[in-house]
Amino acid sequence: MKTKLLTVLLCWGVFLWAQPQDISVVFKKPAKHFTESLPIGNGRLGAMLFGKTDTDRIVLNEISLWSGGYQEADDPEAHTYLKEIQQLLLEGKNLEAQALLQKHFIARGKGSCHGQGANCSYGCYQVFADLLLDWKNQTPVKDYKRVLRLDEATAITTYTRDENSIEQVAFADFKNDLLWIKITGTKPFDLNISLFRKENATISYQNNHITLIGVLPDDEKEGMHFASAIDVQTDGKAESKEKAIEIQAAKELILKISMATNYQYKNGGLSNVSVKEKAESYLQRCTSSFETALAESKTIYQGLFNKNRWYGKANSNTSHLSTYERLEGFYRGDKDALLPILYYNFGRYLLISSSREGLLPANLQGLWAEEYQTPWNGDYHLNINIQMNYWLAEATNLSELTEPLNRFTKNLVPNGHKTAKAYYNAEGWVAHVISNPWFYTSPGESAVWGSTLTGGAWLCEHIWQHYLFTHDIDFLKEYYPVLKQATDFFESLLIKEPKKGYWITAPSNSPENAYLLPSKDNKKQVGNTCIAPTMDMQIVRELFNNTMQAATILGVDSDKFSQWTDIIKHTAPNRIGKKGDLNEWLDDWEDADPHHRHVSHLYGLYPYDEITPWDTPKLAKAAEKTLQMRGDGGTGWSRAWKINFWARLQDGNHALVLLRQLLRPVSSEITTGQVGGSYANLFCAHPPFQIDGNFGGAAGIAEMLLQSHGKQNVIRFLPALPSHPDWENGVMKGMKARNNFEVSFSWKQHQLQEATITSLVGGKCYLLLPAGKSIYHHNTMLIKASKKAKVVSFDTLKGESYQIQ
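Mind the numbering: the sequence shown is residues -20 to -1, 1 to 785 in mature numbering (1 follows the signal peptide of the UniProt record, and there is no 0), read in order.
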């Protein structure tokens, strides 16, 4: 039976190699905008390929290139106002408490400079430089095509000019840590090669070599040093001029591009290393030819990408269409069964390309930015955005790529201790809404959005989820102190609500949302600051539960269990409001914006799992009502989150409605507003571009096809499969379920056909067994089929596979 499933996979694989619409992002013309260019990356280095035929532009990025530096943003006197603020909130004087919070519970100094931190200490993720290829012959071209191959991690541009067939191939090297660009022509060509950076850098051209050296600002101090070295190889004539390298009569040109900074990933400081020598060293160590480097890099990349593949059959001929034309058709309702698969593959491609062990995690733009002042500093937003970046990692078999996120969380702890003392006089550690490579944990400069205090606790969820998916006990031992000290913070902070005796957070808010506060004269006032927002309480329960489970596994801190259990049981519970929806605040207040993009009070539905259709049906119904009231609109990442919500509610048809909204074609000229959708290169349109929607959308698709959350982590196949004909048949290879099971399965006519579950560590497997299906091990039946679907369990052996047929 396992052999039969693999045969099905291979057959479908052969079919798709001939029809690569599920692995190709396609353009018929050069890019005019950044969001029409093609991204490549190896986790540290990235580039955006415009494929222009006059002066080509290649945007270069390095994941650690940040202006700014460490700042002392904590107000050491803030905690002296905590009791007064809490008392005002308990008395219902929210606006008075909010005014006091705005005065004393914000960052000391400039904070993030209101998202314009390029020249502040907070800093900003920045473009490294633009590589420009100025074609001397700029006569019209024909047969133009530009393709990003997701299965090979290559960007290829081809066209013909004056009977000269030009091909440009670019890739980010996963072995040699370089960027490569190769241009070939069937006839000789001429072009000039130059680098451009508008500020904070000097560029020189000498001996077929380009060097860039720069220093970014840290407010009024000297900040990060950075350098690039580019080696130019050609069979034509190369001559170094003052502002370019001139290439003449070449039929082949190869560029090897290196970039480096003096950022220290271990502690977030800056070293005294020579960044020029560091950049040159990458070139010196690499002796491979272009072809060898490409083959070796591809092997490393495909070792990640091919671990999980979703295969489907094309139900329409889209091979002649650009990706943007496919988006337009899909949004209209045209058949295109392979477009969701392409989007799923693209999300995994982006994560592999922007997250690598030992480095910084993917930021608001992943790795790719063309700006000197990126939107919202291109930073790490802790009230959903960085977390959403990694939702897809575990389920789509990319667990190793979560290392940067988990290590980043651990690196927040020292500063988080200081912030906890300064603002709350509390033990443990806290992080608020925003952070950067300097591990900023202070509140933002506005209490309206910057005082959310569960950012660090939300990050801790990813630590526990990584353990659930891998059962890596050494990892749990290393990261348990992070969980424990986050728990210590809330144990210190929580106070009793006097009316019902609930443990509550105060002061807090529901991220970026506002409520209408009733008043005696019927003039409703808008407020943000509150006690016990629903998301806070859900995160607190999750954190304490996870910490206690981890402590039980490790055999530590059993003396804390009684107190932790009391907090879990007596936090303010989920509450259903008078309209049948889930309350966002402790009181059943009206939303200032009924269609607000954040739906934070459904955190307990996703990513947490205390609300499920099978264990808490009334709360699940209230969650559904909440989503109906909020509507399907919103920014790109908001729609991605809603896909996950509807998938958890097992409503695949509504999840598909949101997926169609997420794939709504958005013009690259639209960079503001709450349009939501996808740009021509599939980058998520917040707008502007923000990569969390790509990652969240791919995670939502995974959630539609396989779930393993809830009590006992029961594996559920096709829990939210849409009834749409595009989703009728499919094959999924190599997804991951909690408790470290690798799962492959196929379906036909919307019904599970067969599946293989491989146990990577052993242990008991819980499974919702579909009606009419039996479980086998080595052709021996373990569990006999029944007429109705039911939850079953069976013991597994490490490395053994179990078949469902």
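Ideal placement from N, C-alpha and C gives every residue a C-beta, glycine not left out.
It should be emphasised that the depicted structure is a prediction, and the values quoted were computed from it without experimental measurement.
Please report how far the alpha carbon of residue i lies from the alpha carbon of residue j, in whole angstroms.
i, j, result
"Pro(-1)", "Pro355", "34 Å"
"His84", "Phe285", "48 Å"
"Ser269", "Tyr404", "58 Å"
"Phe449", "Ser184", "49 Å"
"Ala373", "Leu331", "8 Å"
"Met517", "Trp544", "14 Å"
"Leu128", "Asn22", "15 Å"
"Gly430", "Asn247", "25 Å"
"Asn759", "Ile737", "14 Å"
"Ala522", "Val149", "Reading off the sequence, residue 522 comes out as Glu, not Ala. Cα to Cα, the separation comes out at about 47 Å."
"Asn633", "Pro320", "14 Å"
"Gln106", "Asn41", "8 Å"
"Val506", "Gln654", "21 Å"
"Tyr102", "Thr509", "25 Å"
"Lys178", "Ala109", "8 Å"
"Asn493", "Glu219", "59 Å"
"Lys601", "Lys293", "35 Å"
"Leu18", "Ala411", "35 Å"
"Phe541", "Met28", "51 Å"
"Asn377", "Asp706", "24 Å"
"Asn363", "Glu649", "28 Å"
"Val(-13)", "Gln731", "At Val(-13), the pLDDT of 42 sits below 50, so the modelled position is not reliable; the number obtained from the coordinates is stated separately. The straight-line gap from Cα to Cα measures roughly 16 Å."
"Asn365", "Gly680", "15 Å"
Based on the DSSP output, what are the partners of residue i in its beta bridges?
i, result
"Ser488", "Cys510"
"His757", "Thr760"
"Trp290", "Met712"
"Ala209", "Thr191, Ser238"
"Ala230", "Phe169"
"Pro19", "Met28"
"Ala109", "Leu40"
"Trp160", "Phe151, Lys236"
"Tyr360", "Ser415"
"Gly657", "Ala665"
"Trp115", "Leu171"
"Leu743", "The amino acid occupying residue 743 in the given sequence is Gly; Leu does not appear at that position. DSSP lists Thr776 as partners of Gly743."
"Lys122", "Thr140"
"Arg696", "Gln687"
Around the C-beta of residue i, are 16 or more other C-beta atoms found within 10 angstroms, so that it is buried, or is it exposed?
i, result
"Arg141", "buried"
"Arg24", "buried"
"Gly676", "buried"
"Gln244", "exposed"
"Leu(-15)", "Bear in mind that the predicted position of Leu(-15) carries a pLDDT of just 44, short of 50, making it unreliable; the figure below should be weighed with that in mind. Looking at its Cβ environment, which holds fewer than 16 other Cβ atoms inside 10 Å, Leu(-15) is exposed."
"Asn187", "exposed"
"Pro56", "exposed"
"Thr215", "A small correction: the amino acid at residue 215 is Asp; Thr does not occupy that position in the sequence shown. By the 10 Å Cβ count, Asp215 comes out exposed."
"His397", "buried"
"Ala275", "exposed"
"Val39", "buried"
"Leu629", "buried"
"Gly283", "exposed"
"Leu534", "exposed"
"Asn297", "exposed"
"Pro498", "exposed"
"Pro478", "exposed"
Between residue i and chain D, is any beta-carbon pair separated by less than 9 Å?
i, result
"Lys691", "This model lacks chain D altogether, as it is built from one protein chain only."
Task: Continuous beta strand (DSSP E) assignments of at least 3 residues falling wholly in the stretch 406 to 462 - done: none
- [ ] Specify whether the stretch 462 to 469 and the stretch 485 to 493 touch according to this definition: at least 3 beta carbon pairs, one from each stretch, less than 8 Å apart.
- [x] no
Open item on the list: Three or more C-beta pairs under 8 Å: does that hold for the stretch 135 to 155 against the stretch 59 to 71?
Closed with: Segments in contact, no.
Task: the stretch 107 to 119 in contact with the stretch 165 to 181 per 3-pair CB rule at 8 Å - done: yes
Task: Inter-stretch contact (C-beta, 8 Å, three-pair minimum) for the stretch 117 to 131 and the stretch 187 to 206 - done: no
Open item on the list: If contact is defined by three or more beta carbon pairs under 8 Å, each pair taking one atom from either stretch, is the stretch 580 to 591 in contact with the stretch 630 to 648?
Closed with: The way I'd put it, the stretch 630 to 648 doesn't touch the stretch 580 to 591; fewer than three beta-carbon pairs between them come closer than 8 Å.
Task: Given 8 Å, three or more beta-carbon pairs between the stretch 74 to 93 and the stretch 335 to 350 - done: no
- [ ] List in chain order: all unbroken alpha helix (DSSP H) runs of 4+ residues lying wholly within the stretch 370 to 412.
- [x] 371 to 375, 383 to 404
- [ ] Decide if the stretch 600 to 614 is in contact with the stretch 259 to 279; the criterion is three or more beta carbon pairs, one per stretch, under 8 Å apart.
- [x] no
Open item on the list: Does the stretch 277 to 291 come into contact with the stretch 713 to 722, if we say contact requires no fewer than three beta-carbon pairs (one atom in each stretch) closer than 8 Å?
Closed with: yes
Open item on the list: At 3 residues or longer, what runs of the beta strand (DSSP E) sit wholly inside the stretch 279 to 357?
Closed with: Runs found: 289 to 291.
- [ ] Evaluate the contact criterion for the stretch 203 to 214 versus the stretch 3 to 20: three or more CB pairs, one atom per stretch, below 8 Å.
- [x] no
TODO: Would you check if the stretch 378 to 390 and the stretch 441 to 448 touch, i.e. whether three or more CB-CB distances between them fall below 8 Å?
DONE: yes
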